[in-house]
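In the UniProt record's numbering, the protein residues as written are 1 to 486. Just so it is clear, CB atoms sit at the ideal spot from N, CA and C, and this is done for glycine as well. The model shown is predicted, which means the values in this text are computed figures rather than measured ones.
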């Protein structure tokens, strides 16, 4: 429905209701003293682009502006907000890891079900401990739920629509200190500390150099492997480190001394190889110096030729045919070439002076210093021989001790054998004496045989045969022992 443009008053009223300055068709203001903040119609404020319904979110409340509390309707009770002009309720200092709140000012007829109905809107409730004196403690699952519960502090609660004093109260919500909260907080802090230590250790290990590989324990098999590695130039360093570790651990004993001596001897054999390598590197360095000196001499010769070209061009015969710019360039180039030539010439002369000084030092060496050097070399050689002599003498003493121990053990064994032999000889002598006595009885036995009857003769003959067998047995035993001793 449109408005006629001839009715200026109606048009101005419509523009004013929209919060816009009334303008005519030609752009002139219809009301010069118009204030857009004021509306001409009572009860209709001017249009604000931040008003709801225009698709633009209103700006948030300033942090210093208190939030507006509203009435909260629950199933069994109603919560009325406190007076906004009153100061906020006081609270104690928040304990670390607080998940429990103290709720005071409950109605006398309030039940645990009503408490759950009011505070379950703040979050999951773990436990409620209600007292008979109109207060309770509520433990939530998370810490941020405590902040939501503190929002209800100062609210007036009314059970149903009753006005009885026992059905009303003013809630006071505050932080509570509980052992369970403190224990969980400490566990969480310890876990965070462990994670931080682990993170720092990982950072340190990332920047630290890698640890050397562990050294194997000594055995005959490992000893043979290390001995082979000592002979290989590429594995010499690893083998030497293993050998040093074994010696420092105390693996050297009488049984393994020869193995360690052979490994030390293999390590000593590398000294000649190292000296040969050093001599080869020194030779390469001398050759490189000589090559550099020859190359520098060739460069200087070429510089001399280039400078000679510039000097020839600077003579009157050719100089007059060049332009002014060409003459200037030739002069600059000649100056630069002479400077570079002088620098390289000084470097070459410095190398030659160093060589001459080394040669003169070798020729003019002080005889006294040479003599002192020779004396110090002889002294060091004598000390080395003395140390070697001491080590050989200690080895000889050790071998002597071993020989003495072996002799003592052998002498003890011989003494035991001599004692056994003496006992056996005594027994044989006693047996022989007994046999000789039996042999003396042979004539008597023969006479008795002649005098006795046939039965007595058989008995006597049996005794004689047994005695004869015993004598032959001892005689054979004697012969065997005598041949064994020999």
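Measure from the alpha carbon of residue 248 to the alpha carbon of each residue in 224, 217, 292, 297, then state which is nearest.
217
Member of 280, 146, 303, 118 whose CA lies at the smallest distance from the CA of residue 177:
146
Just confirm the distance between the C-beta atoms of residue 226 and residue 245, as a whole number of angstroms; I'd bet it's less than 8 Å.
10 Å between Cβ atoms; not a contact.
Alpha carbon of residue 243 to alpha carbon of residue 219, nearest angstrom:
12 Å
If contacts are defined as beta-carbon pairs under 8 Å, then residue 81 and residue 70 qualify, I think. What distance do you get, rounded to the angstrom?
6 Å
Are residue 157 and residue 136 close, meaning C-beta to C-beta below 8 Å?
no
Residue 277 versus residue 270: straight-line alpha-carbon distance, rounded
10 Å
Among the candidates 138, 77, 252, whose CA atom is the shortest distance from the CA of residue 104?
138
Indicate whether residue 306 and residue 280 have their beta-carbon atoms separated by less than 8 Å.
no
Counting only runs that start and end within the region 108 to 158, where is the beta strand (DSSP E) found for 3 or more residues in a row?
125 to 130, 135 to 140
Given residue 235, which residues of its chain have a CB within under 8 Å of its CB, disregarding the five upstream and five downstream residues?
229
Backbone CA spacing between residue 213 and residue 221 [nearest angstrom]
19 Å
Use the C-beta contact count for residue 325: other C-beta atoms within 10 angstroms, 16 or more gives buried, fewer gives exposed.
exposed
When you compare the region 343 to 356 with the region 292 to 301, are there three or more beta-carbon pairs, one atom per stretch, that lie closer than 8 Å?
yes
With 16 other CB atoms within 10 Å as the buried threshold, where does residue 132 fall?
exposed
Could you tell me if residue 201 is buried or exposed, where buried requires 16 or more neighbouring beta carbons within 10 angstroms of its beta carbon?
exposed
Of the choices 264, 173, 79, 396, whose alpha-carbon is the least far from that of residue 90?
173
Kindly indicate which three-state DSSP category residue 321 falls into: helix, strand or coil?
coil
Does the region 108 to 125 come close enough to the region 148 to 156 to have 3 or more Cβ pairs within less than 8 Å?
yes
Where the beta strand (DSSP E) through residue 245 begins and ends:
From DSSP, residue 245 is part of no beta strand (DSSP E) but of the alpha helix (DSSP H) over 236 to 249.
Tell me which same chain residues have a C-beta within less than 6 Å of the C-beta of residue 106, skipping the five on either side of it?
134, 169
Residue 118 burial status per 10 Å Cβ neighbour count (16 or more: buried):
buried
Rounded straight-line distance, which links the Cα of residue 354 to that of residue 340:
22 Å
What is the residue span of the alpha helix (DSSP H) that residue 281 lies within?
257 to 313
Compare the C-alpha of residue 344 against each of 254, 295, 265, 315 and name the closest.
295
Kindly indicate the opening and closing residues of the alpha helix (DSSP H) around residue 254.
Per DSSP, residue 254 belongs to no alpha helix (DSSP H) and is neither H nor E.
Taking 8 Å as the threshold, find out whether the region 184 to 201 comes into contact with the region 91 to 100 through three or more Cβ pairs.
yes
Give the DSSP-derived three-state secondary structure of residue 100 in the structure shown.
strand
Cβ shell of residue 252 (< 6 Å), same chain only, five flanking positions each side left out:
260
For residue 101 versus residue 207, is the C-beta spacing smaller than 8 Å?
no
Tell whether a beta-carbon distance below 8 Å holds between residue 112 and residue 128.
yes
Does the beta-carbon of residue 159 have 16 or more other beta-carbons within 10 angstroms, so that it is buried, or is it exposed?
buried
Measure the C-alpha to C-alpha separation of residue 391 and residue 399 and round it to an integer number of angstroms.
12 Å
Residues bridged to residue 72 [DSSP beta-bridge criterion]
79
Identify the residues that DSSP records as bridge partners of residue 174: which are they?
102
Taking the C-alpha atoms as reference points, what is the distance between residue 191 and residue 72?
40 Å
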